[in-house]
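S.K.: Residue numbers are given in the UniProt record's numbering: position 13 of the sequence shown equals residue 13, and the series is strictly consecutive.
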Amino acid sequence: MPPASTEASIRTVDAPAPPSSPVPDRRLEPGRPGHRRMSFALFAAGMAAFALLYSTQAVLPAVSASFGATAGQASWTVSAATGALALCVLPLSALSERFGRRRMMTASLAVAALIGLLIPFAPSLGWLIALRAVQGAALAGVPASAMAYLAEEVRPKALIAAIGLFVAGNSIGGMSGRIVTGWVAQLWGWRAALGAVGMLAVFCAVAFRLLIPRARHFTPGPLSPKALARTVGTHLADPLLRRLYAIGALFMTVFGAVYTVIGYRLAEAPFSLPQGVIGSVFLVYLVGTASSAAAGRLVGRLGRRGALYLAVSTTAAGLLLSLADRLAAVLLGLILITAGFFAGHAVASSSVSRTATTGRAQASALYQSAYYLGSSAGGTLGAVAFHAGGWAGTVALGLLAVLGVVSVTLYGTRVARAERRRAAPARALPN
């Protein structure tokens, strides 16, 4: 403990005390101790979560061939995981309010990684889908807890950048998981590929536990279903939060549809690419890493709605470009879709954390539920649309979801303008 100030020791008894200074904000920001460890830990958590959650996506054609399943049937190995996550994220976020964000994320990653080591031994498609559903339920403790942890431990001005880095970890995880599964499946089969992703997730889970700083601003709360229902009702009654939830779901519908089906398209004529090369296509996720990390700067320059308009325009341009039968055009289209999606997701998810002043874990959980329900719907509907109308059918579904994002954002813009007009002081009448 540092010695007391000598100036304080010579102050006279009746001298007025200096005015009390405000309590400094000790939350994390760039340059503060623990910020770098926190960034690496959340990056590892996001990487493990996305690598596991979408581990079967790049090998869906191989899974279809192995079990004699259609694209729609095999797509349930992705949709079951994302759907279970969507259903479980809210109750697990409530548990994080009682037991802590750090503990919840650690347990979720550990269970999901261990299940990842069992999945390669699934004897049938039904067992594979069931194990993937359990894995998705386990992963539900990561996203909402991570958002709440960041909202509590990071200073507001650094929050969007911190969430952008977590989302960047998602993109790296999604990319690396798909690349690993693609090449390992080509060499040793899809079962070995899923086992390799499980090992990667174990490494990330250990790194997360070793790096994540202790929560300094978390206050445990009681487990109360009634209080949870009230908090959820409050969030769902907030028009801005409802719009953000809808935007997250619609963006993810596009993304889930495109990346569930793209492997089937590239495996067919006129491309006829091998499994390893199809997996390498997911290198375009690096674009998502950059666009999500840049979301904070986009919001600073264009505002939240301006950044969303840019993200949705980029996504729509990518969908239209991907209709071409040239591989270069398809890859460029995927780049634009990925950049637009990750930017839009980072803006919407960070806006949820900033909008909710209480019950942040539940606010983030509702966003994640909507987001992953969009993923489940996009994966299944995208596969059905592909079966019915080819890639053009999948693109049509994506453009319909994009139109939904535009409609919601335009409505939010009109509401904001009307609120500003009502808040403006009335002009003084002339005498």
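Every residue gets a Cβ at the ideal spot worked out from N, C-alpha and C, and that includes glycine.
No experiment lies behind these values; they were computed from the predicted model shown.
What distance in whole Å lies between the Cβ atoms of A257 and L381, which are believed to be in contact at a cut-off of 8 angstroms?
M.R.: Contact flag correct, Cβ pair sits at about 6 angstroms.
S.K.: When the Cα atoms are used, what is the spatial distance from A396 to L159?
M.R.: 35 angstroms
S.K.: So, for T231: in the same chain, excluding its five sequence neighbours on each side, which residues have a beta-carbon less than 8 angstroms away from its beta-carbon?
M.R.: T358, G359, Q362
S.K.: Please go through the same chain and pick out, in chain order, the residues whose beta-carbon is closer than 6 angstroms to the beta-carbon of L298, but skip the five residues on each side of it.
M.R.: A307
S.K.: Can you look up V154 in the DSSP assignment and give me helix, strand or coil?
M.R.: strand
S.K.: May I have the straight-line CA-CA distance separating G389 from E153, to the nearest angstrom?
M.R.: 48 angstroms
S.K.: In three-state DSSP terms, what is K326?
M.R.: Strictly speaking, residue 326 in this sequence is Arg, with Lys absent from that position. Three-state result, R326: coil.
S.K.: Taking 8 angstroms as the threshold, find out whether the region 73-84 comes into contact with the region 102-113 through three or more Cβ pairs.
M.R.: Because the criterion of three Cβ pairs below 8 angstroms is not met, the region 73-84 and the region 102-113 do not touch.
S.K.: Should S291 go down as buried or exposed, given a rule of 16 or more other Cβ atoms within 10 Å for buried?
M.R.: buried
S.K.: Within a Cβ cutoff of 6 angstroms, which residues of the same chain sit near C88, ignoring the five residues on either side of it in sequence?
M.R.: A137, A140
S.K.: Under 8 angstroms, do G344 and I247 count as touching if we go by C-beta distance?
M.R.: Yes, the pair counts as a contact, with Cβ atoms nearer than the cut-off.
S.K.: Helix or strand or just coil, what does DSSP make of A416?
M.R.: helix
S.K.: Is W188 buried or exposed, if buried means 16 or more other CB atoms sit within 10 Å of its CB?
M.R.: exposed
S.K.: Any idea what DSSP makes of L273, helix, strand or coil?
M.R.: coil
S.K.: When the Cα atoms are used, what is the spatial distance from I119 to H387?
M.R.: 27 angstroms
S.K.: Quick check on the burial criterion: 16 or more other C-beta atoms within 10 angstroms. Buried or exposed for F121?
M.R.: exposed
S.K.: How far does the alpha helix (DSSP H) with V254 in it reach, from first residue to last?
M.R.: From DSSP, the alpha helix (DSSP H) with V254 extends over 239-267.
S.K.: According to the neighbour-count rule (16 or more other Cβ atoms, all chains shown, within 10 Å of its Cβ), is Y411 buried or exposed?
M.R.: Of the residues assessed, Y411 falls on the exposed side of the cut-off, its CB having fewer than 16 other CB atoms within 10 angstroms.
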